[in-house]
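Undergrad: Take 1026 as the starting number for the sequence shown in the numbering used here and just add one per residue.
Ideal Cβ positions, reconstructed from N, Cα and C, are used throughout, including at glycine.
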Amino acid sequence: MLPRVDNALNACAMLAELIVVDCASRDDSCVVIDAWRGVPGFRAIAAESGLWGVGAVTRGLAEARGDAAIVLSAEISHTPWLIRDLVASWRADSVLAYVWRDADTGNELQMSWSRGMFEEVRSRPNKPLPPELTSLCLFDREVVDYLVYGRAAVSPSDEYYGAD
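#1: Just list the residues that DSSP pairs Ile1070 with in beta bridges.
#2: Starting from Glu1144, trace the alpha helix (DSSP H) in both directions and tell me its first and last residue.
#3: I need the straight-line Cα distance from Ala1089 to Ile1044, nearest angstrom please.
#4: Check for me: the alpha helix (DSSP H) holding Trp1061 runs from which residue to which?
#5: If you draw a straight line from the C-alpha of Ser1119 to the C-alpha of Trp1125, how long is it?
#6: Quick one: measure Cβ to Cβ for Cys1037 and Val1112, integer angstroms, because I've assumed they're closer than 8 Å.
#7: Start and end of the beta strand (DSSP E) containing Leu1161?
#8: Looking only at DSSP bridge pairs, what is Tyr1123 linked to?
#9: Relative to the ligand MN, is the shortest distance from any of its heavy atoms to the C-beta of Trp1115 smaller than 7 Å?
#10: Measuring CA to CA, which of Glu1145, Leu1121, Ser1098 and Glu1157 is closest to Asp1127?
#11: With which residues is Val1173 paired in a DSSP beta bridge?
Below, the structure is given as C-alpha cells:
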C-alpha cells in the first residue's frame, strides 16, 4: 500500500510526509517499514502495545506537521487514488473530507465538510463524529489541532468504538 499512497500524493503535486503508526503488529509490517526508512518524508512511529484504531489515528495526527493530514487505515481497502479527490476538495476549501464504502452497493463515496459544518461540530463537543474518519480522511490543520488538542475527548465518540 505504501507505494500506491506515495504515488497518489506525488500526483497531487504536494510536499508530503508519510507517517506509519505501527501498533505492535505481528505481521511483516516491520520489514516493510525498514525498507521505507530512507525515503524522504517517511517516518515510522512505534506505538505502545494495545494502541489501535482511534488511538493510533490520534497518535499519528499528533505527529503530523503539515497544513493537512490524511489518514488511511491499513485495515480498510480504500483505493489510495481517492486521495487526489480528497486533496482537490481541501484545495476547494473543505476542512475535512472522507471516503467510506456503502454497505449496500460497495461503492466508495465521499463527504466533505465546509468550515461552517466543522464549526457546528466544534460548538457541540459531545456530538459524535462519523466512524469513517479513521479509514480514509483528510483533515485540515485546524481540524487536526482540534481533534488532538482542543477537546476533552480527542477521538471520535466511544459510542462507535467502545471505551478503551
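TA: Put simply:
#1: Val1046
#2: Arg1140 to Ser1148
#3: 8 Å
#4: Ser1054 to Trp1061
#5: 17 Å
#6: 4 Å
#7: Leu1161 to Asp1165
#8: Met1136 and Cys1162
#9: The model depicted lacks the ligand MN and carries no ligand whatsoever.
#10: Glu1157
#11: Paired residues: none, contrary to the question.
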